[in-house]
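**Student:** Take this structure, written in structure tokens, and hold onto it; I'll ask about it next.
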Amino acid sequence: NYTNETNKKNLLKQLDKIGSIVFFDKPILNDLQVLNPDWITTGAYSVITSEITRNKKGHLNYNNLKEIFKDEKCLFANERIKLKYKEKDFQFILALMTDYDLCVPNPFEKDEYLVPCAFEGEKPLEFDKYKRESRQYRFQFESSFEMLIIYRFMARNISKCIKNGYWQSGIVIKDQHSDTFALVETNQHSKIIDFWIKGDNIRGLWEVLRRDIKDINSKYSLKYKEEILYSSKENRTPVFLSYDEMIDSLRNGVSTIAYHPTYRIRNIDVLKVIDNFEDSQKIINAMSKEGQVFNVKGDFITTGQTQIGGKNNVQNNYINTYANNTQIQELKDILEDFEDVSKDNKEWQENFSNALKELYRLEEANDQIDEKKSISKLQKFFNKAKEIKDWVAISVLPAEIATKGEKMIELCEKLFTSF
């Protein structure tokens with residue numbers, strides 16, 4: 133619970149210590165020479181710890197912000213030094229906090245900002261319906277900083293949540309492209325963030341949310357395990373299995389773990405477990421390109437590009453050249469940037485999202501039919517994109533990254549025009 137003064141200050145100390153507030157790698161800082169980084173930290177601290185923020189339960193409007201900054205503030209690192217923030221200053225602080233997922237514009241209320249670490253309330257009981265008939269994943273951290281991750285995760289995903297679908301330590305998210313929902317929550321000091329995902333596109337939504345958690349954690353470098361709740365007809369007591377353990381088993385040529393001594397369960401289908409996280413064939417392709425030679429163990433027989441299976445194993449000669457392709461990755465990075473900054477143009481934001489989704493499908497294509505379907509859709513998108521002469525003029529992209537539009541087209545032509 134970060135609603136009391138001591139806990140909030142400890143939170144800010146952790147954020148400051150590991151660099152969550154003070155970064156100097158964003159264009160927003162170019163317009164303002166910040167000689168003392170504590171000036172930024174103090175401003176963010178003032179917003180997060182304000183009594184106004186607490187009373188408003190993390191819902192702030194413009195007048196609230198003016199009230200927060202009307203008096204001088206004690207410098208975060210030295211309380212004897214006083215700072216006076218002007219209106220243009222606290223707007224800058226708010227923009228920086230938004231940039232680093234410490235607050236976010238409220239998608240359901242005009243001219244209002246949300247500060248997730250000040251949210252209150254318990255999860256509504258009716259939200260338990262999202263746990264029923266779902267698949268459960270979790271991130272298990274080694275240290276108790278799960279709240280740092282969940283607050284930034286919530287800020288990043290508020291725009292995708294159902295109405296009033298957030299509370300002190302969790303959020304319900306709806307996939308923008310399918311009838312799929314995710315309930316994500318944690319408990320302070322549990323070291324765990326749980327995900328219950330149900331609907332038409334469980335793995336697809338998991339891949340997106342998983343990527344968010346990993347990206348946020350890249351700022352902290354906290355050690356963690358990815359796990360999934362596993363059960364089978366033979367082993368009816370559910371247990372959490374580690375993704376890394378399944379990958380290690382695959383590297384050692386094991387498709388079925390005959391007996392797991394820790395959980396005392398039998399016949400774990402390694403490929404089936406991996407498929408809940410990502411396409412196992414994609415992993416196999418990547419390992420093969422690294423020169424991995426699989427051993428023969430039990431019913432697992434494969435070398436090179438042979439399709440993995442059991443007694444009814446068949447040969448699959450299709451090789452996905454788009455999997456682990458550096459140009460595909462570069463294209464995905466550009467589209468992710470464009471998806472983030474094109475919020476004011478819903479049509480193109482959706483276009484970027486759909487193209488990004490199709491690139492992931494292309495990487496996971498298991499045969500030429502799947503490959504052709506994805507490339508056809510991508511070609512239509514990029515043909516439409518090539519018609520745009522000025523991304524800034526039509527209010528799709530800001531000027532500082534609009535030049536990436538040319539790089540996007542260049543990559544598309546290299547990847548797909550000869551198809």
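Letter by letter, the sequence shown follows residues 133 to 551 in our numbering.
Positions of the beta carbon are idealized from the N, C-alpha and C atoms, including for glycine.
#1: Whole angstroms are fine: how far does the CA of Phe251 sit from the CA of Ile225?
#2: Give me the Cβ distance between Ile126 and Glu254, rounded to the nearest whole Å; I'm assuming they're in contact under 8 Å.
#3: Give me the Cα-Cα distance between Glu532 and Ile526, rounded to the nearest whole angstrom.
#4: So that I know if they touch, is there some Cβ in chain D lying closer than 8 Å to that of Asn457?
#5: For the structure I just gave you, are there three or more beta carbon pairs, one from the segment 308–319 and one from the segment 259–268, closer than 8 Å?
#6: For Ser374, write down the residues that DSSP places opposite it in a beta bridge.
#7: Look at the alpha carbon of Leu257 and the alpha carbon of Asp311, and state the distance between them as a whole number of angstroms.
#8: Drop a sphere of 10 angstroms on the beta-carbon of Gln413, count the other beta-carbons inside from all chains shown, and report buried for 16 or more, exposed for fewer.
#9: For the candidate residues Tyr352, Pro248, His321, whose alpha-carbon lies nearest to that of Ile303?
#10: Tell me where the beta strand (DSSP E) around Arg267 begins and ends.
#11: Please say whether Gln272 and Tyr356 have beta carbons closer to each other than 8 Å?
#12: Compute the Euclidean distance between the alpha carbons of Leu494 and Lys214, then round it to the nearest angstrom.
#13: For Thr394, which residues of its own chain have a beta-carbon under 8 Å away from its beta-carbon, when the five flanking residues on both sides are left out?
#14: With a Cβ-Cβ cutoff of 8 Å, do Asp233 and Ile348 count as a contact?
#15: Only counting the same chain, and skipping five residues up and downstream in sequence, which positions put a Cβ closer than 7 Å to that of Val371?
#16: Quick one: measure Cβ to Cβ for Asp170 and Leu207, integer angstroms, because I've assumed they're closer than 8 Å.
**Tutor:** Judging by the given coordinates:
#1: 20 Å
#2: In the structure displayed, the chain extends from 133 to 551; residue 126 sits before or after that span and is not available.
#3: 15 Å
#4: In the structure shown, chain D cannot be found, because there is only a single protein chain.
#5: yes
#6: BP columns for Ser374 point to Glu359.
#7: 21 Å
#8: Around the beta-carbon of Gln413, 16 or more other beta-carbon atoms lie within 10 Å, marking it buried.
#9: Pro248
#10: 267–273
#11: yes
#12: 56 Å
#13: none
#14: Less than 8 Å divides the Cβ of Asp233 from the Cβ of Ile348.
#15: Tyr362, Tyr395, Ile397
#16: 5 Å
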